[in-house]
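So the structure is just underneath, and the comments pick up after that.
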Amino acid sequence: MNIPLPAALFPALLLLLAACGGQPEEPKGEASRNRTAAFKEMMPEFAQMGKAAKGDEAYDPAAFRAAAAVFAAKAQDPFAHFQNDPEGNGRALPQIWQQPAAFAHERDSFLAAVAELNAEAQKGDLQKIRAAYEKTDAACQSCHTAYRRPR
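For the sequence shown, the residue numbers in mature numbering (1 follows the signal peptide of the UniProt record, and there is no 0) are -21 to -1, 1 to 130.
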């Protein structure tokens, strides 16, 4: 039986590509799923504000004020779900529970930035809003860098 070389190599190639699929997802318990859901719940407002703050969309003061108020109201919610979950913590790193004071500082910095963003949004000065949005985004990234497993 003479199998053409490409046909003979195809199964090996598939196996090789399957092995390159990246890391498997980290297991998630209920606390992790609730935490993720709470973060996703507030992201539409943050994304909407980002488009206006970055100049990708026209700045509508009333819409921005409303989005900032909703975002500020939801910002605390994910932190109610940051207990160590024996069923799996998803992408949350163990440093969250190993360094609770440092994590609390990151959380507090984020919440302070969110409060500032909401306050500036209610005043309506776009330059100050942009600075507050950037500060909030930087607080998000700082926490993600320290406490979230990369994809």
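We put the CB at the ideal spot given by N, CA and C, even for glycine.
For residue i, which of helix, strand or coil comes out of DSSP?
{"i": "C37", "result": "Contrary to the premise, residue 37 reads as Ala rather than Cys in this sequence. A37: coil per DSSP, three-state reduction."}
{"i": "R127", "result": "strand"}
{"i": "A54", "result": "coil"}
{"i": "N68", "result": "strand"}
Indicate whether residue i and residue j have their beta-carbon atoms separated by less than 9 angstroms.
{"i": "H60", "j": "S11", "result": "yes"}
{"i": "F89", "j": "A118", "result": "yes"}
{"i": "R109", "j": "A32", "result": "yes"}
{"i": "D95", "j": "K53", "result": "One point to set straight first is that residue 95 is Glu, not Asp, in the sequence displayed. No, the Cβ-Cβ distance between E95 and K53 is not below 9 angstroms."}
{"i": "I75", "j": "Y38", "result": "no"}
{"i": "R86", "j": "F58", "result": "yes"}
What distance in whole Å lies between the Cβ atoms of residue j and residue i, which are believed to be in contact at a cut-off of 8 angstroms?
{"i": "G34", "j": "Y112", "result": "Between Y112 and G34 the Cβ distance is about 11 angstroms, and since that is not below 8 angstroms, they are no contact."}
{"i": "D64", "j": "E5", "result": "Not a contact, Cβ separation roughly 11 angstroms."}
{"i": "A107", "j": "A92", "result": "Reading off the sequence, residue 107 comes out as Lys, not Ala. Contact flag wrong, Cβ pair sits at about 13 angstroms."}
Mind the definition here: the stretch 40 to 48 touches the stretch 92 to 109 only if three or more C-beta pairs lie below 8 angstroms; say whether that holds.
yes
Would you call the stretch 68 to 78 in contact with the stretch 16 to 25, where contact means no fewer than 3 C-beta pairs closer than 8 angstroms?
no
Please go through the stretch 61 to 114 and give each complete alpha helix (DSSP H) segment of 4 or more residues, from N-terminal end onward.
74 to 77 and 79 to 102
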